[in-house]
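Below: one structure, written as structure tokens.
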Amino acid sequence: MPELPEVETIRKTLKRFIIGKEIEEVEVFWPRIIQFPEIEMFKMNLLGQSFTDISRRGKFLIFHLDEYDLVSHLRMEGKYSVYPKDEPKDKHTHVTFTFTNGEQLRYNDVRKFGTMHLFKKGTYEAKKPIVQLAPDPFEEDFTLDYFMGKLERTTRVIKNVLLDQTVVAGLGNIYVDETLFKAGIHPEKRSHTLTKEEIKRIKKYAKETLSEAVKQGGTTIRSYVASDGEIGMFQQELFVYGQEGEPCPTCGDEIIKIRVSNRGTHLCPSCQKENRE
DNA sequence: TTGGGTGTTGAGTA
DNA sequence: ATACTCAACACCCA
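Residue numbers (this note's numbering): 126 to 402.
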């Protein structure tokens, strides 16, 4: 499900529901989701803790509590929402945090791929999975020099490099395709062959695409909803993702779908040529 | 009915 | 270093 814009939307909406709420019980129905520490310690550490804030790094949500930080990745279908605790749970609710006020924060994940790590406050940045995460396009240290340095040193195809969260955080399959379309670059172009101007365009359009999508509350293709139940609206502004067979908004040629490293990849064959002079 | 595809990522293997 | 396959899991659709 979520890439940076969806995670950011969830962060903003969920904040309103949980800040200041104190946890009195934690239940885990699918143990794999809890990566660290082991389950009993995870539950025990959270008892009596109150949520103070939610932040985001790339596609990770970071829940800040009094003495701990909870690092959560939604992978394909993870969702959070708050209910009265006696409302019946849906069959895909795998972790619940019950508050002292009778409400309950629920983690719902149809495919059960999501992960949670709980660390002592202030230590998560130095630990996996956050430690190896690159800056996202909104962060100050995502500079042109940094980005060029990364792209020059690899022969991999550009689409794969942009999906690599240790190069740039936050982009997934939708926003990589949109970014490369706007930049006029073929997704299978080798990273080290890109010119400085092309790299500048990728950097600019990655940021622009993500920020427009945040403004629209994310993209809802299938299942994504924010924590208040609202769907995203950015799908109306997609140029290539899911648009195979439609005319390119720039040149009118047909948008095609190919496979790049086994990921569905959408592009305009006229605007994004593999070898351009 | 079945198999291929889905907004993600990590491990294992050459 | 890179590429490829598989795995985690459930659902949808042709």
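Beta carbons: idealized from backbone N, C-alpha and C, even for Gly.
Under 9 Å between the Cβ atoms of residue i and residue j?
i      : j      : result
Ala351 : Ile135 : yes
Pro262 : Lys328 : yes
Leu139 : Leu243 : no
Lys275 : Ala259 : yes
Gly354 : Arg326 : no
Val196 : Pro254 : yes
Arg231 : Lys216 : no
Asp178 : Glu202 : no
Cys376 : Ser348 : no
Lys382 : Gly389 : yes
Lys246 : Tyr330 : no
Thr223 : Glu165 : no
Thr305 : Asn298 : Checking the displayed sequence, the identity of residue 305 turns out to be Leu instead of Thr. Their beta carbons are not under 9 Å apart, which means Leu305 does not touch Asn298 by this criterion.
Pro130 : Tyr249 : no
Sort out for me which residues DSSP pairs residue i with in a bridge.
i      : result
Gln229 : Tyr208, Thr223
Arg200 : Paired residue(s): none; Arg200 is not in a bridge.
Gly297 : The partner list for Gly297 (beta bridge, DSSP) is empty, contrary to what the question assumes.
Val282 : Arg315
Asp215 : According to DSSP, which records beta bridges pairwise, Asp215 is partnered with nothing at all.
Arg388 : Val385
Leu195 : Phe188, Leu243
Glu147 : Ser175
Arg152 : According to the sequence shown, residue 152 is Glu rather than Arg. Partner(s): Thr221.
Asp234 : Gly203
Pro372 : Glu379
Under 6 Å Cβ to Cβ from residue i, same chain only, skipping five residues before and after it: list those, please.
i      : result
Ile283 : Lys314, Ser316
Trp155 : His219, Lys237
Pro127 : Leu199
Lys168 : Val151
Phe267 : Pro260
Ile356 : Thr345, Val350
Ser336 : none
Which two residues bound the contiguous beta strand (DSSP E) that contains residue i?
i      : result
Ile182 : The residue asked about is misnamed: residue 182 is Arg in this sequence, not Ile. Residues 176-182.
Leu276 : Per DSSP, Leu276 belongs to no beta strand (DSSP E); it is in the alpha helix (DSSP H), 269-277.
Met241 : 240-245
Arg384 : 381-385
Ile187 : 185-190
Near residue i, which residues of its chain fall below 7 Å by C-beta distance, leaving aside the five closest residues on each side in sequence?
i      : result
Glu303 : Thr334, Leu363, Phe364, Val365, Tyr366
Ile346 : Gln360, Gly367
Glu133 : Arg181, Val339
Thr225 : Glu147, Glu149
Asn400 : none
Met358 : Gln341, Gly342
Gly227 : Pro209, Lys210
Pro162 : Leu243
Lys137 : none
Skipping 5 residues on each side, what residues in its chain have a beta carbon closer than 8 Å to that of residue i?
i      : result
Ser175 : Gly145, Lys146, Glu147, Ile148, Leu190, Asp191
Glu402 : Residue placement at Glu402 is poorly supported in this model, since its pLDDT is 35, which falls under 50; the coordinates still yield a value, given next. Closer than 8 Å at Cβ, skipping near neighbours: no residue.
Pro372 : Asp378, Glu379, Ile380
Ile324 : Leu269, Phe272, Met273, Leu276
Ser386 : Val282, Lys284, Asn285
Thr279 : Val286, Ser316, His317
Within 8 Å: the Cβ of residue i and any heavy atom of the ligand COA?
i      : result
Asn233 : You won't find the ligand COA in this model; it holds no ligand whatsoever.
For the alpha helix (DSSP H) that residue i lies in, which residues bound it at each end?
i      : result
Glu264 : Run containing Glu264: none; DSSP gives neither H nor E here.
Ile327 : 321-340
Arg157 : No alpha helix (DSSP H) contains Arg157, which DSSP labels as neither H nor E.
Arg141 : 129-143
Ile164 : 164-171
Between residue i and residue j, how many whole angstroms is the CB-CB distance? I'm expecting something under 8 Å.
i      : j      : result
Leu392 : His311 : 7 Å
Thr240 : Ile143 : About 19 Å; that fails the 8 Å criterion.
Thr291 : Gln257 : 5 Å
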